[in-house]
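The sequence shown maps to residues 33 to 275 in the numbering used here.
Ideal Cβ placement from N, Cα and C applies to all residues, glycine included.
Because the structure is a prediction, the values reported are computed rather than measured.
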Amino acid sequence: MADGTLGYKDTPILPDSGYHVHDSDRPQPPVVTPGGDNGPPSDATVLFDGSDLSAWEGRDGAAAWIVRDGYMEVTPKTGAIHTGQTFGSVQLHLEFAEPAEVKGDSQGRGNSGVFLMGIYEIQVLDSYENPTYADGSVGAIYGQYPPMANAIRKPGEWNSYDIVWEAPEFDGETVKKPAYVTVFLNGVLLHHRKKLLGKTGHKTLAGYAAHDGVGPLELQDHGDPVRFRNIWIRELSGLDAGD
33 MADGTLGYKD TPILPDSGYH VHDSDRPQPP VVTPGGDNGP PSDATVLFDG SDLSAWEGRD
93 GAAAWIVRDG YMEVTPKTGA IHTGQTFGSV QLHLEFAEPA EVKGDSQGRG NSGVFLMGIY
153 EIQVLDSYEN PTYADGSVGA IYGQYPPMAN AIRKPGEWNS YDIVWEAPEF DGETVKKPAY
213 VTVFLNGVLL HHRKKLLGKT GHKTLAGYAA HDGVGPLELQ DHGDPVRFRN IWIRELSGLD
273 AGD
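Right, dumping it as structure tokens:
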């Protein structure tokens, strides 16, 4: 602009924000430096960089899974692991590889899970040429919604999840806002802002039970040596510069 301003004050007011169209006073978005080669962006919390499990805990204290060659691997029968830090609404990136040696079938092949807030499961399963019930296949919102596509790579190859999680909100015991999730597997959209019915579970349809606004990220031990690497998370609460 000729007078050095970056916007206008004589334009219509946007109904959802109170700002003018092209408002010069509207806050600028924060600068985030993107990561290279699927690395974390500058504002992410790195939960696993391939070196140790310092950000994770197990059922008896320390996480008992194996760390080697830049990845962690489920040690069967040691139990799930969860982050010491808790989160609400987030953007999550993680990579996983199913065992190269194929064993079992259906739910007995390469089974694990990503539990958002420790409650809501996105299924991890070797679904490569491995039929199972649809709402239990890889990328399913377990027991509720099948994914829109099966985009799993061959056993032994690395897969990537990118998940946008909107945490539920409660007013006492009442659901004020349900949870929503968007999931990509290997760049393929599986769920687009899907509304969850409540807690996920096996052979059940559970509704919501009020809980804290934050919870840990949990990775499941289902008895198979699934591998994980490159796990980072961005907290989304308060990041919308338009609010």
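Practice prompt. Give the secondary structure of residue 140 by DSSP, where H, G and I count as helix, E and B as strand, and everything else as coil.
Written response: Position 108 of the sequence shown, counting from 1, holds the residue named residue 140. Look at residue 140 here: in three-state DSSP terms it is helix.
Discussion item. For residue 110 and residue 75, I'd like the C-alpha separation in whole angstroms.
Written reply: Locating residue 110 in the sequence shown gives position 78, where the first residue counts as 1. Locating residue 75 in the sequence shown gives position 43, where the first residue counts as 1. For residue 110 and residue 75, the distance between alpha carbons rounds to 32 angstroms.
Item to complete: Below 8 angstroms on the Cβ atoms is my guess for residue 8 versus residue 171; work out the distance and round it to an integer in Å.
Response: Because the chain spans 33 through 275 in this model, residue 8 falls outside it and cannot be assessed.
Worksheet entry | Presumed contact (8 angstroms Cβ cut-off) between residue 175 and residue 236, rounded CB distance | Mapped onto the sequence shown, residue 175 falls at position 143. Mapped onto the sequence shown, residue 236 falls at position 204. Contact between residue 175 and residue 236 holds, since their C-beta atoms are separated by about 7 angstroms, short of 8 angstroms.
Fill in: Sequence-distant residues of the same chain with beta carbon closer than 7 angstroms to residue 203, five excluded per side
Indexing the sequence shown from 1 puts residue 203 at position 171. Around residue 203: no qualifying Cβ.
Item to complete: Could you say if the region 192-206 and the region 114-123 meet the contact criterion of at least three C-beta pairs nearer than 8 angstroms?
Response: Three or more pairs of CB atoms, one per stretch, sit closer than 8 angstroms, so the region 192-206 contacts the region 114-123.
Worksheet item: On the three-state DSSP scale, how would you describe residue 55?
Response: The residue you call residue 55 lines up with position 23 of the sequence shown. Note: residue 55 maps to strand in three-state DSSP.
Item to complete: Could you have a look at residue 271 and say whether DSSP puts it in helix, strand or coil?
Response: The residue you call residue 271 lines up with position 239 of the sequence shown. Its pLDDT being 45, under 50, residue 271 is placed unreliably by the model, and the measurement read from it follows with that caveat. Residue 271: coil per DSSP, three-state reduction.
Fill in: Buried versus exposed, by CB contacts within 10 Å (16 or more), residue 238
Taking the first residue of the sequence shown as 1, we reach residue 238 at position 206. Note on residue 238: under 16 other CB atoms within 10 angstroms of its CB, so exposed under the neighbour-count rule.
Worksheet item: Under the three-state reduction of DSSP, which class applies to residue 87: helix, strand or coil?
Response: The sequence position of residue 87 within the sequence shown is 55, counting from 1. The answer is coil: DSSP assigns residue 87 none of H, G, I, E or B.
Worksheet item: Counting pairs of Cβ atoms below 8 angstroms between the region 146-154 and the region 220-232, do you hit three or more?
Response: Short answer: they touch.
Worksheet item: Based on the DSSP secondary-structure assignment, which residues constitute the bridge partners of residue 125?
Response: Taking the sequence shown and counting its residues from 1, one reaches residue 125 at position 93. The bridge partners DSSP lists for residue 125 are 194 and 264.
Worksheet item: Based on Cα-Cα distance, which residue from 244, 261 and 255 lies nearest to residue 150?
Response: Sequence index remark: in the sequence shown, residue 150 carries index 118 (1-based). Ranked by Cα distance from residue 150, the options 244, 261 and 255 are led by 244.
Worksheet entry | Contacting residues, own chain, Cβ-Cβ under 7 angstroms from residue 226 (five flanking each side not counted) | The sequence position of residue 226 within the sequence shown is 194, counting from 1. The beta carbon of residue 226 sits closer than 7 angstroms to those of 173, 177, 212 and 213, all from its chain and outside the five residues before and after it, given in chain order.
Worksheet item: Where DSSP assigns a beta bridge to residue 177, which residues make up the other side?
Response: Numbered from 1 along the sequence shown, position 145 holds the residue referred to as residue 177. Bridge partners of residue 177: 173.
Discussion item. Taking the alpha-carbon of residue 158 as reference, which of 165, 148 and 139 has the nearest alpha-carbon?
Written reply: Taking the sequence shown and counting its residues from 1, one reaches residue 158 at position 126. Each of 165, 148 and 139 was checked against the Cα of residue 158, and the nearest Cα belongs to 139.
Discussion item. Quick check on residue 142: buried or exposed, where buried means 16 or more other Cβ atoms within 10 Å of its Cβ?
Written reply: Taking the sequence shown and counting its residues from 1, the one referred to as residue 142 is at position 110. Looking at its Cβ environment, which holds 16 or more other Cβ atoms inside 10 Å, residue 142 is buried.
Discussion item. Cutting at 6 angstroms between CB atoms, please list the residues of its own chain near residue 249, excluding the five before and the five after it.
Written reply: Position 217 of the sequence shown, counting from 1, holds the residue named residue 249. 115.
Worksheet item: Going along the chain, which residues of its own chain have a beta-carbon closer than 7 angstroms to the beta-carbon of residue 275, five neighbours each way excluded?
Response: Locating residue 275 in the sequence shown gives position 243, counting from the first residue. Low confidence applies here, because residue 275 scores a pLDDT of 44, under 50, leaving its location unreliable; read the following figure in that light. Short of 7 angstroms from the beta carbon of residue 275, and not among the five residues preceding or following it, lies no beta carbon of its own chain.
Worksheet item: Is the CB-CB distance between residue 233 and residue 148 below 9 angstroms?
Response: What you label residue 233 is simply residue 201 of the sequence shown in a count that begins at 1. What you label residue 148 is simply residue 116 of the sequence shown in a count that begins at 1. In this structure, residue 233 keeps its C-beta atom at 9 angstroms or more from the C-beta atom of residue 148.
Worksheet item: Roughly how many whole angstroms lie between the Cα atoms of residue 191 and residue 183?
Response: Taking the first residue of the sequence shown as 1, we reach residue 191 at position 159. Taking the first residue of the sequence shown as 1, we reach residue 183 at position 151. Rounded to the nearest angstrom, the two C-alpha atoms are 9 angstroms apart.
Discussion item. Buried or exposed, going by whether 16 or more other CB atoms sit within 10 Å of the CB of residue 259?
Written reply: Within the sequence shown, the letter at position 227 stands for residue 259. With 16 or more Cβ atoms within 10 Å of its Cβ, residue 259 is classed as buried.
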